[in-house]
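Protein sequences, first through last, are from chains A, B and C. The numbering of the first sequence is my numbering, which starts it at 123 and goes up by one. The numbering of the second sequence is my numbering, which starts it at 33 and goes up by one. The numbering of the third sequence is my numbering, which starts it at 238 and goes up by one. Backbone N, C-alpha and C define an ideal beta-carbon position, used for all residues, glycine too. Working notes, beginning with the structure itself.
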Amino acid sequence: MAIKDAISLEGVRKDFGDFTAISNVTFDIADNEFFTLLGPSGCGKTTLLRMIAGFEETSAGKIKLYGDIIENLPPNKRPINTVFQNYALFPHMTVKENIGFSLKMLGWSKSDINDRVAEMVAMVKLEEFTDRKPSQLSGGQQQRVALARAMASKPKLLLLDEPLSALDLKLRKEMRSELKRLQRDTGITFIFVTHDQEEALSMSDRIAVMSSGKVQQIGNPSEIYDTPANRFVADFIGEANLLNATIQKIDGEKIICRLQSGQILTSKSSSKVNVGQSGTISIRPEKLIIKKQNFKGQYLEGKLGQSTYIGTDTQFEILLDKELSLTVRMQNSSLTSENYKNGDQVFLSIADDAAWFLLD
Amino acid sequence: MEKAFNVKQYNGFYFITCLCLFILYAPLLIVMIYSFNDSLSITRWGGMSLRWYYEVFYGLESEKFKLAAWNSLIIALMAATIATIVATAASIGMVRGGHFKGKSASFGLISLPIMVPEIVTAVATLIFFSAISFKLGVLSILVAHIVFCIPFAYLPISARLQGIEASYEEAAQDLYANRWKTFWHVLMPIMGPGIISGFLLGFIISLDDFIITNFVKGAGVETLPTAIFGAVKQGIKPNIMALSTLLLLFSVFLVTLSYFIGRKGNNLKTNK
Amino acid sequence: MAAGAGSGRTMSSTFLPVRFWLLMPSWLIIGFFLALPVLLMLVYSFLTKEFRGGVIWEPTLAAYDQFLFDRGLFGDDPPQIEWKYISIFLRSIFQATGATILCLIIGFPTAFFIATRNENTKVIWLFLVTVPYWVNLLIRTVSMKFLIRDSGPLNELLITIGAIETPLKLINTNFAVQLGLFYSYLPFMVLPIYAALERYNFTFSEAASDLYAPKWTILRQILIPIIKPGIIAGCILVFVPSLGAFLAPDLLGGAKTFMIGSLIEDQFKGNAGNWPFGAASSMILLSLVMIVLIYYARAQSKEQV
Chain A
123 MAIKDAISLE GVRKDFGDFT AISNVTFDIA DNEFFTLLGP SGCGKTTLLR
173 MIAGFEETSA GKIKLYGDII ENLPPNKRPI NTVFQNYALF PHMTVKENIG
223 FSLKMLGWSK SDINDRVAEM VAMVKLEEFT DRKPSQLSGG QQQRVALARA
273 MASKPKLLLL DEPLSALDLK LRKEMRSELK RLQRDTGITF IFVTHDQEEA
323 LSMSDRIAVM SSGKVQQIGN PSEIYDTPAN RFVADFIGEA NLLNATIQKI
373 DGEKIICRLQ SGQILTSKSS SKVNVGQSGT ISIRPEKLII KKQNFKGQYL
423 EGKLGQSTYI GTDTQFEILL DKELSLTVRM QNSSLTSENY KNGDQVFLSI
473 ADDAAWFLLD
Chain B
33 MEKAFNVKQY NGFYFITCLC LFILYAPLLI VMIYSFNDSL SITRWGGMSL
83 RWYYEVFYGL ESEKFKLAAW NSLIIALMAA TIATIVATAA SIGMVRGGHF
133 KGKSASFGLI SLPIMVPEIV TAVATLIFFS AISFKLGVLS ILVAHIVFCI
183 PFAYLPISAR LQGIEASYEE AAQDLYANRW KTFWHVLMPI MGPGIISGFL
233 LGFIISLDDF IITNFVKGAG VETLPTAIFG AVKQGIKPNI MALSTLLLLF
283 SVFLVTLSYF IGRKGNNLKT NK
Chain C
238 MAAGAGSGRT MSSTFLPVRF WLLMPSWLII GFFLALPVLL MLVYSFLTKE
288 FRGGVIWEPT LAAYDQFLFD RGLFGDDPPQ IEWKYISIFL RSIFQATGAT
338 ILCLIIGFPT AFFIATRNEN TKVIWLFLVT VPYWVNLLIR TVSMKFLIRD
388 SGPLNELLIT IGAIETPLKL INTNFAVQLG LFYSYLPFMV LPIYAALERY
438 NFTFSEAASD LYAPKWTILR QILIPIIKPG IIAGCILVFV PSLGAFLAPD
488 LLGGAKTFMI GSLIEDQFKG NAGNWPFGAA SSMILLSLVM IVLIYYARAQ
538 SKEQV
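Below, the structure written as C-alpha cells:
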C-alpha cells in the first residue's frame, strides 16, 4: 500500500482484572480522516482512546502510528494529543501558557513558541483572551483553548474525548461545524469519541459503532444508518421498528420474509442469507407512509393508535395486531388535510428499500 | 400556642459558643494585658509600660532567649521544609499510586507520629539516640521534629491532591512533559496551597513542641519552649509574659497567613 | 461501566510506576526514627536499670513487677498489689475522660452554632476557634496558671466583687489540671464535629420536625446519630493527648495530681532515673492508646458498611 494508514489497531485488547473492557479490536484509520468512536457509556470507547493516547497499557495487540509501533511508548513520547472531556486546562496558567505548554516541553525557542501560539489563538478566535486564566473563560472558550493547546504542536493524531458534552445544546451545534472546519484546515487526523449519534452522523467521515468492548460496525454515516450490520446498530443509531421474521424465499436481492404475526414483507440485506433463517427486520419510522385507502404495492394493514406531536413531526403508533405495533413518523407539513383518529383503519406503505433484514 | 421553630436554632447554643471563645481567649488576653504592666509585682497593676518588652530584648536573660529563639526558628524552618518535601512525595505516592499491597500499612506508618502519644515518642526517641550513641543537641532535635512534622504536613497536602483531577497530569504528559516536568510545571503549582498549608502546619507544630524537644535536646541546648518552661519553673515573671505575647502574635500572624493562602487555594479550584 | 471510562476521575498512571520511590523517604524516616525506637523501647522495658539513667543488658521483668507489686524495701516481702502507679494511671484515665466530657459539652453546641451560620459569618467564627489551636500550648498553659493562681486575676476579681473572701484554692488541684486539659484540647473537639455538621443535610432535621418530632428529640434521634463519627473523632482527639499530657498536670497540678506523663518524665528527666520502668510505663500508655484507636477504627469501618 502506498499511503500508510494514520493509525492501525491490530487485535487490541484490554482487561481490568477479570473484566474485559476491549476485546480484539482491529481497524485502520486513513490519513486526514475524521473518525468517530460511537457507543453507549461503558462500551469501551474511552478506554480504547486512552490506549491510543498511552494512558492505559494494552493487554494484547498492536497499535501503529504511520507504520511505527507505539503501544509501548509513554504518552509524552507519542505525537498524539488529546482534548479531554473536562478540558484539563491548567488552572494556574494563562491561555497563552496553556497553548504553548507542549512547545515548551518540546524545547522550542521562546520566539517560535510565541509565533505558534499567536497562530493558534487566531485559529480559534481567542485573540482578546490570551492573558486570562481558564477560570475566567466561558465553557465554549475553554473548549477552544483545549483544542488550540492540543493542536499547537501539530500532532499526527488528535483524540477528542466527548469534548462537546459539557456545552449547552446551542453551543454544541456551533462547535460541530467549527470542529469540522478545524479538521479540514489543519489536515490532522481526528479520532472523536461520543455517545451522541447526531454528533457522530453529522461530523464523521467514518464511524465505528462500539458495544461491550467490541466494534459492531465501521462505515460512513449513511452506511451505518441505512444498512446497519446488526440489531444493536439498528437499535442504537436513530429509531427503528424491529420485527422478528423468518426468510421464506430469496429472489435475487429481494428477501421475502414472514413476520411473527403472519404478514409477508420484502426486505434487503447485506449479509449472506438462506431460506429458513430467522432474524430481525428493521424499518426506520420515517420510511413508512400512512394511507387511508388501499393501494398497489407493498403495505401492512393496521389500526391507528396513539399519536404524539413533536414539533416538526408527528409520531404515530400503528397496531398491526394485539402485540405488534410500529412507530411511524411523518412531517407535519405533509399532514395537512387528512384527519387521523385513534382507531382508524390505515394502510402502511413500505418502500422496497425500507425494510432491512438482519441476521440474529 | 407553640411557635414554628427553626431546626438550626437552639436556645443557649449562642451563649455556649461565646463562653467557649471566652474560655479560649481570656487567659491569653489577661497575659497580654499584664505584659504591659509597669509594676515589678506580677499581681499589682502599676500602669502601662513597655519595660518588659525591653527586658526581653536587652535584659539579663535576653541572650539566652535570643539563642533559644534562633534555635527554634532554624529547627522549625528546616524540619518543616524537609517534612514538606517528604510529605509531598508521600502524598503523590499514596494518592496517585493506585491500589497496592500494604497501602493501609503505609498510611498507618505515615500517621504513626500523630497516633503515638508525644511523651511516648519522646521516650522512644531518647532511648534510641542513647542506644546508638547519637549526640544530643540541635541535630537530634531536628531529626525528632522532622519525624513528627511529616504527618502534619501530609494531611493538608494529600487532602489537596485528592481534590485535583488526574486529567491534569495526563494532559501534561500528553503534551510531551516527562514525569518530573509534569510535577514541576503542573502538579506542584496546582497543589501549591496544600503544600504551603502543610509547611506552615509543620512549622508551627515544630515551634510549639516542648515534650519531645525537652527529652532529646541534651544539656545546655534550648529552644524557646524549653527556655520558657525552665524560666516558668522559677515562677512567672513579667518578661515571660512579654515574650509569650510576642510568640502569640507571631502565631496569630501565621494562622492568618495560612488562612488567606487557603482562601486563594479555593479560588484556584473553581475551574469550571 | 468500564473502570473510569468517561469519568474525569480515572487513575493517572503518571506517578504510579514510581510510587514506592516516592513513599520510600517517609517510610525510612518514620520507620527508622520512630517505629524502630518504639520497638527498642519495648526491649528496654525488659532490661535491668542502671542508676542515674541508662540500662544494663540483662533481661528482667522488674519494671512491670515494680509497676504492679510492692515487695517491701528489700524486695523479699510477699508481693502485694502496688496501688501507687495503678492509681496514677486510673487518675489519668479519669482526668482525660473528664476533660473529654467537658470539651464535648462546650464543643458540640459551639460547633453546631458555627455550622449553622451563613457563609460569611461562619468563616469568622471558625477563624476565632482555630486561632488558639495555633498558639503555643506551653504559653496557653502558662497563661491559665497565671489566671487561676491564688493571687491571680481571677481570685482578685472575685474578691473585688465580693463573691468570695479568701482566694479560691484552684492551682495544684485535680480541677485545675482538668481545666488545663479542657483548655488545651477544646479546639480538637470543635473542629471534627464542625466538619461532620458541614456534611450533615439539615433537611433531615426538617423532615423530622415535619413528622412531629420536638426540637430536642430531633437532636437526639436524628442529628447526633448521623454525625456520630465526627463526635467520636473529636472525643478521641481530646482523650488521647489528655491521657499522656505533661504540661497541664506539671504546671497546674501538684504532687497529688500526678499523671502518666509526669510519671514517665520523672524516670528520664527527673529524680527517679529508672529507664526500664519509664519504658514500661510508656508501653502501658501506648497500649491503652492503641486500644482506643483500634476501637475507633472498628467503629469507623462498621459505619462504612
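Check: Going by DSSP, name the residue or residues bridged to Glu423(A).; Outcome: Phe469(A)
Check: Around the Cβ of Ile202(A), are there at least 16 other Cβ atoms within 10 angstroms (buried) or fewer (exposed)?; Outcome: buried
Check: Pull up the distance between the alpha-carbon of Leu265(C) and that of Ala268(A), whole angstroms please.; Outcome: 42 Å
Check: I'd like to know if the stretch 414–426 of chain C and the stretch 448–466 of chain C are in contact, where contact means that at least 3 CB-CB pairs between them fall below 8 Å.; Outcome: no
Check: For Thr252(A) and chain B, any beta-carbon pair shorter than 8 Å?; Outcome: no
Check: Can you name the start and end residues of the beta strand (DSSP E) that Lys371(A) belongs to?; Outcome: 363–373
Check: Gln41(B) by DSSP, collapsed to three states: which one?; Outcome: coil
Check: Does the beta carbon of Ala124(A) sit closer than 8 Å to a beta carbon anywhere in chain B?; Outcome: With a pLDDT of only 46 at Ala124(A), under 50, the local geometry of the prediction cannot be trusted, and the value read off the model is given with reservation. Output row for Ala124(A): interface = no.
Check: Tell whether a beta-carbon distance below 8 Å holds between Leu489(C) and Ile408(C).; Outcome: yes
Check: Label Trp371(C) either buried or exposed according to how many other C-beta atoms from any shown protein chain fall within 10 Å of its C-beta, with 16 as the threshold for buried.; Outcome: buried
Check: CA-CA distance, Ile521(C) and Gly510(C)?; Outcome: 18 Å
Check: Below 8 Å between beta carbons is the criterion; list the residues of the stretch 182–210 of chain B that meet it against any residue of chain A, in chain order.; Outcome: Glu197, Ser199, Tyr200, Glu202, Ala203, Ala204, Gln205, Asp206, Leu207, Tyr208, Ala209, Asn210
Check: Measure the alpha-carbon distance for Glu393(C) versus Pro404(C) and round it to whole angstroms.; Outcome: 8 Å
Check: Using DSSP's beta-bridge definition, name the partner residues of Phe184(B).; Outcome: Phe184(B) is not bridged to any residue.
Check: Please identify the residue among Thr440(C), Lys382(C), Phe364(C) whose C-alpha is closest to the C-alpha of Leu428(C).; Outcome: Phe364(C)
Check: Which class does Ala240(C) belong to by DSSP, given the choice of helix, strand or coil?; Outcome: Residue placement at Ala240(C) cannot be trusted, given a pLDDT of 38 that sits under 50; the coordinates are not used to answer.
Check: Rounded to a whole number of angstroms, what is the C-alpha to C-alpha distance between Lys336(A) and Asp140(A)?; Outcome: 16 Å
Check: Ala274(A) to Ile351(C), Cα distance in whole Å?; Outcome: 50 Å
Check: I need the DSSP call for Pro285(A), collapsed to helix, strand or coil.; Outcome: coil
Check: Using a Cβ cut-off of 7 Å, pull out every chain C residue sitting near Pro145(B), in sequence order please.; Outcome: Ile267, Leu271
Check: Do you know offhand how far Ala128(A)'s Cα is from His214(A)'s?; Outcome: 34 Å
Check: Is the beta carbon of Met80(B) sitting closer than 8 Å to the one on Phe68(B)?; Outcome: yes
Check: Count the other CB atoms within 10 Å of the CB of Leu92(B); is the residue buried (16 or more) or exposed (fewer)?; Outcome: exposed
Check: Tell me, please, whether the CB atom of Ser524(C) is closer than 8 Å to any CB atom in chain E?; Outcome: Going by chain labels, chain E is absent from the structure shown, which instead holds the protein chains A, B and C.
Check: Which runs of the alpha helix (DSSP H), 4 residues or longer, sit entirely within the stretch 309–353 of chain C?; Outcome: 320–352
Check: Within a Cβ cutoff of 6 Å, which residues of the same chain sit near Ala433(C), ignoring the five residues on either side of it in sequence?; Outcome: Ile464, Gly467
Check: Please look up how many angstroms separate the CB atoms of Leu365(A) and Arg353(A), rounded, as I've assumed it's under 8 Å.; Outcome: That belief does not hold up - the Cβ atoms of Leu365(A) and Arg353(A) are roughly 11 Å apart, past 8 Å.
Check: Spatial neighbours of Asn76(A) within its chain, please: C-beta separation below 8 Å, excluding the five flanking residues on both sides.; Outcome: The structure shown has nothing for residue 76(A), since chain A only spans 123 to 482.
Check: Check whether the Cβ atoms of Val205(A) and Pro256(A) lie closer than 8 Å to each other.; Outcome: no
Check: Over the uninterrupted alpha helix (DSSP H) stretch that includes Thr113(B), give me the two end residues.; Outcome: 94–127
Check: Shortest alpha-carbon distance to Met381(C) belongs to which of Ala272(C), Gly498(C), Asp487(C), Ile267(C)?; Outcome: Asp487(C)
Check: Cβ closer than 8 Å: which chain B residues qualify as neighbours of Thr316(A)?; Outcome: What Thr316(A) touches in chain B: nothing, since even the nearest Cβ is about 18 Å away.
Check: For Leu225(A), report the span of its alpha helix (DSSP H) as first-last.; Outcome: 217–227
Check: What distance in whole Å lies between the Cβ atoms of Leu60(B) and Ala272(C), which are believed to be in contact at a cut-off of 8 Å?; Outcome: The Cβ separation is near 37 Å, so there is no contact.
Check: Along the beta strand (DSSP E) that carries Met80(B), what are the first and last residues, could you check?; Outcome: Taken as a continuous stretch (DSSP letters only), Met80(B) belongs to no beta strand (DSSP E), as it is neither H nor E.
Check: Among Ile227(B), Lys98(B), Phe180(B), Thr214(B), which one has its Cα closest to the Cα of Ile260(B)?; Outcome: Lys98(B)
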